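Student:
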Amino acid sequence: MQDQYPSRCAGQPELLARHEPVARRAWEPGAPLTAEQIERFDRDGYLVLENVFSEAEIAALQAETGRLLSHPAGLEDETVIAEPDSREVRSIFRIHGQSRMMERLAADERLAGVASYLLDDEVYVHQSRLNYKPGFKGKEFFWHSDFETWHTEDGMPSMRCLSMSVLLAENDANNGPLMLIPGSQRVFVSCVGETPDDHYKHSLRKQEFGVPDEYSLAELAHRHGIAAPTGKPGTVILFDCNTMHGSNGNITPFPRSNAFFVFNAVSNRLVAPFGAEKPRPDFIAARKVAPIRPVSGELMGVAA
Ligand code: 6CS
Ligand code: FE
1 MQDQYPSRCA
11 GQPELLARHE
21 PVARRAWEPG
31 APLTAEQIER
41 FDRDGYLVLE
51 NVFSEAEIAA
61 LQAETGRLLS
71 HPAGLEDETV
81 IAEPDSREVR
91 SIFRIHGQSR
101 MMERLAADER
111 LAGVASYLLD
121 DEVYVHQSRL
131 NYKPGFKGKE
141 FFWHSDFETW
151 HTEDGMPSMR
161 CLSMSVLLAE
171 NDANNGPLML
181 IPGSQRVFVS
191 CVGETPDDHY
201 KHSLRKQEFG
211 VPDEYSLAEL
221 AHRHGIAAPT
231 GKPGTVILFD
241 CNTMHGSNGN
251 ITPFPRSNAF
261 FVFNAVSNRL
271 VAPFGAEKPR
281 PDFIAARKVA
291 PIRPVSGELM
301 GVAA
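Heads up: the sequence shown runs through residues 1 to 304, numbered per UniProt numbering.
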C-alpha cells in the first residue's frame, strides 16, 4: 500500500496536504448533529457538545473512574501508565475492555452513533483511555497529531478516524485543558526522527518522537490560532484524528479527568505500520475489528 503520509523518514519536516474529507457526510434529516455542527467540525477539526450526559450518568461514570483509579491492581498491568516523573497514574488504556460501564459508554449512540455518521461508515474502538491529569502532578502532553502516530506506528491507512473526550471533571482554563489548532486537520506534518523500538513504553508517558517541529507548529498556530475548549462534566469534545493538539501540565489542586474513545472506520482498519518495525500492542491499537452497534438509552447502572 502506497504511503500517502510518510513520516519519520526524512531529514526535514514537511507539510503535506490531506487527501480525505474531514466530515464525510453532509447533514440530512435524522442526522445526530445539526448542519451547523457538521460544518463546524469539518472547518475546525473539532466540535464541543455540551450536556451530552445527565448528571446521574456522569456521577456513575465518576464513581467508575474512581473505582478503576483506586484498584489499578485489578487492571491489566501494561494498560496503567504512570506520569513521567512519579508513580501518579497518567492514563489507563483499554478501559472499554476492562470496565462494563466504559464498554457501554463506548457503544453509546451519543458517541459511536455520532462518529459513525461523521465517518460515514461502521466504527470500532481503535483505542480507549482514561486520562487523569491529577492535581499538582498532571504533566503536559506536547503538541502532536494522533494520526501521525497511528499511521506510522499502528498502520492506520487514512484519516477516517476521530477521538471523543468525555469530560468527567471540570475542564477549565487553569487545569490543563485540551488545546487544539483549528484547521490543522487539513495539513499532515511529517516528523523527523526514526521510531525507537518499543517506543510506546516511553511515548505514552512523554512523547518525544513523532512530535512536530517548532517551525511547523508556529506556522500552524500563527495561521489558525489555538483554541482551548472548556466545559463541565458531561461535555464531549470530539476531534479529528489529525487535528494538532496538546495540553499543559496541571498545577492546580483540581484533576482534569477525561475518558477518551477513538473511533476508527471499519474500512480503515489497521495494516502493517508505515514507519515502525512491528505493530504496537493491542491495548493501544486494536487489530481485531469489532463493529459497534450503537446503543440508546441511559448508561447501564444509572437507570432508576
Ligand atoms: O500514542 C498514542 O496512541 C497516544 N498518544 C497521544 C499523545 N495521544 C493519542 C494516544 O493517546
Ligand atoms: Fe493525542
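By construction, the Cβ of each residue, glycine as well, lies at the ideal position given by its N, Cα and C atoms.
Given the structure is predicted, the values throughout are model-derived calculations rather than measurements.
(1) Taking just the CA atoms, how far does glutamate 36 sit from aspartate 198?
(2) Tell me alanine 17's beta-bridge partners as DSSP assigns them.
(3) Would you call phenylalanine 53 buried or exposed, if buried means 16 or more other Cβ atoms sit within 10 Å of its Cβ?
(4) Do you know how far the Cα of proline 29 is from the Cα of valine 80?
(5) So, under 8 Å CB-CB, arginine 8 and valine 192 are touching, yes? Tell me the CB distance rounded to an integer number of Å.
(6) So serine 247 and glutamate 140 are in contact, right, with Cβ under 8 Å, and what is the actual spacing, rounded?
(7) Taking its Cβ as the centre, do 16 or more other Cβ atoms sit within 10 Å of aspartate 3, making it buried, or is it exposed?
(8) State yes or no: is the C-beta of phenylalanine 141 nearer than 7 Å to some heavy atom of ligand 2?
(9) Does the beta-carbon of aspartate 146, which I'm using as the reference point, lie nearer than 7 Å to any heavy atom of ligand 2?
(10) Quick check: the Cα distance between arginine 287 and isoleucine 58, rounded to an integer number of angstroms?
(11) Tell me whether valine 89 sits in a helix, a strand or coil according to DSSP, three-state version.
(12) To the nearest angstrom, how far is the alpha carbon of residue 345 from that of glycine 11?
(13) Any idea what DSSP makes of alanine 304, helix, strand or coil?
(14) Return the Cβ separation of valine 125 and phenylalanine 263 in integer angstroms, given the expectation that the two are a contact with Cβ distance under 8 Å.
(15) Opposite glycine 246 in the DSSP bridges: which residues?
(16) CB of histidine 126 to nearest heavy atom of ligand 2: below 7 Å?
(17) Across the region 267-285 and the region 166-176, are there enough close Cβ pairs to call them in contact, namely three or more that are closer than 8 Å?
Tutor: Once the coordinates are examined:
(1) Between aspartate 198 and glutamate 36, the alpha-carbon positions lie close to 42 Å from each other.
(2) Val187
(3) buried
(4) Rounded to whole angstroms, valine 80 to proline 29 spans 42 Å at the Cα level.
(5) 7 Å
(6) Serine 247 to glutamate 140, Cβ: 6 Å. Contact.
(7) exposed
(8) True, at least one ligand heavy atom lies under 7 Å from that Cβ.
(9) yes
(10) 30 Å
(11) strand
(12) Since the first and last residues shown for the chain are 1 and 304, residue 345 lies out of range.
(13) Note that alanine 304 has pLDDT 40, beneath the 50 cutoff, so the model's placement of it is unreliable and the number below is only indicative. Alanine 304: coil per DSSP, three-state reduction.
(14) 7 Å
(15) Met179
(16) no
(17) no
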